[in-house]
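In the UniProt record's numbering, the protein residues as written are 1 to 236. Cβ coordinates follow ideal geometry from the N, Cα and C atoms, glycine included. Heads up: the structure comes next, in structure tokens.
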Amino acid sequence: MADSTRFDRGSRSAGATARSGKDSGVLVIGLGRFGSSIASTLDGLGQDVLAVERSPELVAQWSGRVPLVEADATNPEALDQLGARDFPVAVVGVGSYLEASVLITGNLVDLGTPQIWAKAISNEHARILQRIGAHHVVLPEADAGARVAHLVSGKMLDYIEVEDGFTIVKMRPPRETQGFTIAQTKIRERYGVTVVGVKSPGQDFVYAEPDTRISPDDLLVVSGHADLLERFAARP
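What follows is the structure, given as structure tokens:
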């Protein structure tokens with residue numbers, strides 16, 4: 001193993017994951033706030049994950065908490081040594097340093113990684129990552145800002161934009177729907193959105209059926225185009 005690559009033996013599966021060769025798991029590069037959140041969440045869910053970080057300080061901070069290796073991922077030889085080509089999914093959490101982000105993403109493209117998720121800090125950064133081969137580009141601050149804007153503007157309690165404007169929201173039911181069944185409200189016909197499910201206080205979530213009755217204290221999970229959902233959520 002080269003000097004630039006050091007496995008954290010204290011992590012419960014770092015070495016085994018990197019050398020498994022079983023074509024499974026997620027490689028997370030960069031243990032800043034974005035990368036560390038992804039790595040720790042995946043590890044907590046029982047997923048095979050290996051974090052890669054070049055900073056000794058961050059390696060020390062996360063040692064024993066997630067499977068990790070200290071390495072410089074801008075060096076293609078280091079990535080090859082830690083078995084990066086065996087991971088079907090890689091997340092590039094290095095966003096603040098444009099050159100490093102581009103080099104790491106390019107290295108993963110050269111390795112033939114099937115799915116590359118990369119963090120970007122601007123639209124220009126995102127375009128560069130897409131052009132060199134990143135399959136999914138995430139702009140965490142912009143996405144979070146847009147999400148909060150939707151939440152503070154109406155009765156929406158949660159907001160997830162999936163793709164091309166298609167969105168899923170959690171919201172309080174408008175007054176005109178309360179006490180009526182899904183069929184009676186004609187929500188889809190009138191507003192172009194679909195009630196996916198209903199969560200009543202103290203009850204399990206249920207998928208919406210035509211005879212599902214909406215109560216004032218219910219929470220609705222609704223899908224549709226963002227503009228149509230905004231219109232529906234704006235109802236008193």
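Please list, in chain order, all residues of the same chain as residue i whose beta carbon is under 7 Å from its beta carbon, the five residues on each side excluded.
i, result
"T181", "P210, D211, T212, R213"
"G32", "G93"
Within 10 angstroms of the Cβ of residue i, are there 16 or more other Cβ atoms? Answer buried if so, exposed if not.
i, result
"V69", "buried"
"P236", "exposed"
"T41", "exposed"
"L220", "buried"
"P88", "exposed"
"V148", "exposed"
"S11", "With a pLDDT of only 40 at S11, under the threshold of 50, the placement of this residue in the model should not be trusted; the figure read from the coordinates follows. The residue is buried, with at least 16 neighbouring Cβ atoms inside 10 Å."
"A120", "buried"
"V102", "buried"
Who are the near neighbours of residue i in its chain, counting only those whose CB is closer than 6 Å to its CB and skipping five residues on each side?
i, result
"R85", "L111"
"Q203", "none"
"L107", "In the sequence on display, residue 107 carries Asn and not Leu. So the qualifying residues of the chain are P76, L79."
"S223", "I168, T194, V196"
"P201", "D217"
"G35", "V28, G93"
"T177", "T185, I214"
"K199", "F205, L219"
"P174", "R235"
Would you identify the three-state DSSP class for residue i, choosing helix, strand or coil?
i, result
"G213", "The sequence shown places Arg at residue 213, not Gly. Here R213 sits in strand by DSSP."
"Q115", "strand"
"R9", "Confidence in R9 is poor, its pLDDT being 35 and thus under 50, which makes the residue's placement too unreliable to answer from."
"L98", "helix"
"A90", "strand"
"R235", "coil"
"H125", "helix"
"V193", "coil"
"T181", "strand"
"L219", "strand"
"N75", "coil"
"L103", "helix"
"L45", "coil"
May I ask you to list the residues that DSSP assigns as paired with residue i?
i, result
"K186", "According to DSSP, which records beta bridges pairwise, K186 is partnered with nothing at all."
"V52", "I29, V69"
"G224", "T167"
"D158", "K170"
"H136", "W117"
"V206", "V198"
If I measure Cβ to Cβ from residue i and keep anything under 8 Å in the same chain, skipping five residues before and after, which residues do I get?
i, result
"S122", "L139"
Determine, using beta-carbon pairs with one atom in the segment 191–211 and one in the segment 156–166, whether at least three such pairs fall under 8 Å. A contact between stretches requires three or more CB pairs, one per stretch, nearer than 8 Å, and the segment 191–211 fails this requirement with the segment 156–166.
Touching or not, the segment 84–104 and the segment 127–135, by the rule of three or more beta carbon pairs under 8 Å? yes
Are three or more beta carbon pairs between the segment 215–229 and the segment 164–184 nearer than 8 Å? The count of Cβ pairs closer than 8 Å, one atom from the segment 215–229 and one from the segment 164–184, reaches three, so the stretches are in contact.
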